[in-house]
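So for the sequence shown, the working numbering puts the first residue at 652; every next one is plus one. Beta carbons are placed, not taken as given, at the ideal position from N, Cα and C, and that holds for glycine. Bear in mind that the values here come from a model prediction, so they are computed numbers and not experimental data. I have placed the structure first, in the form of structure tokens, so that the comments after it can refer back to it.
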Amino acid sequence: MPYNTIQVMPFGFKSNRRRIQRKSFSVTDYENFSFFEDDFRIAFYTRSGVLLGYLFTGIKETIIINMTFVNDLRGCASGTIELSTLPTFPIPTYCQVLISYQGSNIYNGYAWKPTAQETTKNESYKIQFFGLRKKYETTPINLEYYPIQSITVSSPNVTYNFSGVDLTGLLVGQKIAARNCQDGVNNGYYSISSIGVNSVTVNNAAGIAQTGILGSAAFLPWEWSTNVLVSEAFSQICQSYGGGLGIEFSPLLVEESTGLTVGGMRDHEGMTIQKALELLEKLARGRYAMGVNADGFYFFKAIESEPIKKFILGYDVNKQAVNTNYDNIKNVINVNRAKGKGETGGGWITAASSFDNTSVAKWGSSTKNITVPEFVDDSTAQTIADSELEYLKDPKQYAKVENLKFDGLLEIGNYGVVSPFGDYTTVIDEMDSISGWITIDSSAFTDSNILISGARSIRYAVDAIGIGSTGSAYKSYTIDTRNKKALKFWVQTNKSVNIQVLLNGYLALVDVDILNDWTLVEIDISNYADYPFIKLTQIYFTFTTTGAGAFNHNIYIDEITLVSYDAIHTDLPYKQATYDLKAHERTVTLELGLQQDSLSEYLANLQNTIETNNLLLKDRSTS
């Protein structure tokens, strides 16, 4: 039921016992207020769901000056509403703020700092708000512990006996966390091997008999105990711990993370829901977005590779928008785990490592160390290391597309940025790997010492015993050759050689007489599309020795590129969108890809890391 302002006629007596005069207050009945579907509507609700009132933009004398809010990969973030006057209904702290456009919700959050009632003549009134997801940033995940009544030892098994504890629903293989027990190996985490009416038996316990009844135990959810899909882990956390926050859950909004799993056991106790979901984000490897949508529901959504929309520089965008960040490259990932109670010595051990030799060769070695608590097993640690490496081993492109015309909420996914037409060089093969190359009468090897760019070149060894010794290599591609001007590659040879380059029947002959130094070969293919092929499907090299020689004829090929008069199409993932919605000008700033951290972002991330580690590494035992 909407909030109503009704007439009040108070009367009573002042201190001198004189009757107070009756006074009427204005009436605003929002049940009878007509709704304009074609523009913005801002609805305000109490924490219990009672409608306080509406604000509209599609009316003649709206009090809304400006609305600004941010949506990112996790859904609704922060925002501000600026008003010319105070509304006739109250806006208390934590009241819900729901913004809709043309009948569809585009933002869902709650008021954080309601506007002050006092203001100067030239000041406006501002309401700050946050997305609903902020509520789970401080919501802890807690397990229920049950006192152990007795312990029965039958090495290597231990049976924990309980009283009045409902053990139905437990599964063999599920993890139990025992606290304050003398058999403290495995840091108190054991796999359930059998389940009785009032007891559970676990494997791999120390088997130390206790003289007294000590300790308690909690049962980790099945989704924490084993290797499940990331999407399953997400659903369990949201359903089990994310209720009561005004956020709804629907399995229809959780897409299955096929092939992406959590790796093994995890313990989220003591973390906030936000920290647990941040861990799942890493494990999702940038392929899925998760958070709270504008309808107030948890979501887990696959990020499609096909661009949702393309923006053309010079048309949709007025300035060069695409940049590359080389500063955050990490190609050696170490996951360090705190030593457990059953391990000798203190400190840390390396639970998992992951590295990429190609990235190291290209950009130099750069290491990232990740610290995890003692309960993270080797499998999960390896999954974390591999996920981080995949995301950080290469430079990231980013873009900011400004002053887009507002036309509804932008979807999460990939977007394309298209450059103006011009002469561009595109690397089609860095020759860092022999994968895909087929050789005839020659052998192919990668070489990390003699190269032009990337991590390696490919060395072709021809059995040269005189003039006319030959070898060949070819690889298949699928490249559109329209508007292409030249094919380029670098070659180095220790003997004079004639190279025949065959491009789907288009033949070019190149003599290389410069020995033991790099030569750039450029082949004019401006008429290649008329040959009559539109697609380049194969590059075929034939090497023929033109000078006498002995064995060990080595030919190095590196960095094959195409020069074209074309536009560069760059597809980048959605990062966030900032909506600036004034009365007569409504624009959106769209940020794509990975941006270079500013100093403030760096400090915020550093603090976040410290906070996360404090949660993860705390000693959960009280002994």
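* Cα-Cα separation, Ser755 to Asp946 -> 9 angstroms
* Asked: Curious, which full-length alpha helix (DSSP H) runs of at least 4 residues does the region 931 to 1014 contain?
  -> 1008 to 1014
* Based on the DSSP secondary-structure assignment, which residues constitute the bridge partners of Asn812? -> The partner list for Asn812 (beta bridge, DSSP) reads Ser801 and Ser850.
* For the beta strand (DSSP E) that Phe885 lies in, which residues bound it at each end? -> Not the beta strand (DSSP E): Phe885 falls in the alpha helix (DSSP H), residues Val881 to Tyr892.
* Whose C-alpha, out of Thr1197, Gly782 and Glu957, is nearest the C-alpha of Val1148? -> Ranking the options by Cα distance to Val1148, first place goes to Thr1197.
* Should Ser729 and Phe781 be called a contact, given that it needs their Cβ atoms to be closer than 8 angstroms? -> yes
* Local conformation of Ile1021 per DSSP, three classes -> strand
* Three-state secondary structure assigned by DSSP to Lys1136 -> Strand.
* Just mark Leu1060 as buried or exposed, buried being the case when its beta carbon has 16 or more other beta carbons within 10 Å. => Burial is judged here by how many other beta carbons sit within 10 angstroms of a residue's own beta carbon; Leu1060 has at least 16 and is buried.
* Is Lys1051 helix, strand or coil by DSSP? -> In the structure shown, Lys1051 sits in a strand (DSSP, three-state: E or B).
* Asked: From this set, Asn849, Ser845, Leu928 and Ala868, which residue's C-alpha is nearest Ser882's C-alpha?
  -> Here the closest residue by C-alpha is Leu928.
* Going by DSSP, which residues form a beta bridge with Ser1215? -> Tyr1075 and Lys1135
* Asked: Between Ile1021 and Asn987, is the Cβ-Cβ spacing less than 8 angstroms?
  -> A distance below 8 angstroms separates the beta carbons of Ile1021 and Asn987.
* Asked: Below 8 angstroms between beta carbons: does that hold for Cys889 and Tyr949?
  -> Pairing Cys889 with Tyr949 gives a Cβ-Cβ distance under 8 angstroms.
* **Close-in-space but distant-in-sequence residues of the same chain around Ser1004 (CB under 8 angstroms, 5 per side omitted)** => Val983, Ile984, Asn985, Val986 and Ala1036
* Assign Glu1039 to one of two classes, buried (16 or more other C-beta atoms within 10 Å of its C-beta) or exposed (fewer than that). => buried
* Could you spell out where the beta strand (DSSP E) holding Thr1238 opens and where it closes? => Arg1237 to Gly1244
* Euclidean distance between Cα positions of Leu911 and Tyr1191 -> 38 angstroms
* Could you pull the start and end residues of the beta strand (DSSP E) that Ala762 belongs to? => Ser755 to Lys764
* **Opposing strand residues paired with Met922 [DSSP bridges]** => In the DSSP output, where bridge partners are listed per residue, Met922 has none listed.
* To which residues of the same chain is Ile1219 closer than 6 angstroms at the C-beta, ignoring the five residues directly before and after it? -> Only Ser1070 and Tyr1075 meet the Cβ criterion.
* **As assigned by DSSP and simplified to three states, the class of Tyr796** => coil
* Do the CB positions of Pro743 and Gly704 come within less than 8 angstroms of each other? -> no
* Asked: Around the Cβ of Leu1213, are there at least 16 other Cβ atoms within 10 angstroms (buried) or fewer (exposed)?
  -> buried
* Asked: Where do the ends of the alpha helix (DSSP H) carrying Glu788 lie?
  -> First-last for Glu788: undefined, no H or E at that position.
* Asked: Hey, how far is the Cα of Lys1051 from the Cα of Ser1104?
  -> 29 angstroms
* To do: Report the three-state DSSP secondary structure of Leu1232 (helix, strand or coil).
  => Of the three classes helix, strand and coil, the one that applies to Leu1232 here is strand, per DSSP.
* To do: Would you tell me roughly how many angstroms separate the C-alpha atoms of Gln1033 and Thr1001, rounded to the nearest one?
  => For the pair Gln1033 and Thr1001, the Cα-to-Cα distance works out to about 10 angstroms.
* Asked: Looking at Thr1121 and Thr1195, is the spacing between their C-beta atoms short of 8 angstroms?
  -> Yes, Cβ-Cβ distance for Thr1195 and Thr1121 is below 8 angstroms.
* Where does Thr697 fall in DSSP's three states? -> coil
* Asked: Any idea which residues DSSP pairs Glu1173 with across the strands?
  -> Lys1139
* Asked: Between the C-alpha atoms of Leu1154 and Ser1010, what's the straight-line distance to the nearest angstrom?
  -> 30 angstroms
* Neighbourhood of Glu932 by C-beta, 6 angstroms cutoff - its chain only, sequence neighbours within 5 removed -> none
* Asked: Nearest-angstrom Cα distance between Ser1108 and Phe962?
  -> A straight-line Cα-Cα distance of about 36 angstroms links Ser1108 and Phe962.
* Buried or exposed for Asp1162, please, with buried defined as at least 16 other CB atoms from any protein chain shown within 10 angstroms of its CB. => exposed
* **Beta-carbon spacing of Asn974, Tyr1042 below 8 angstroms** => no
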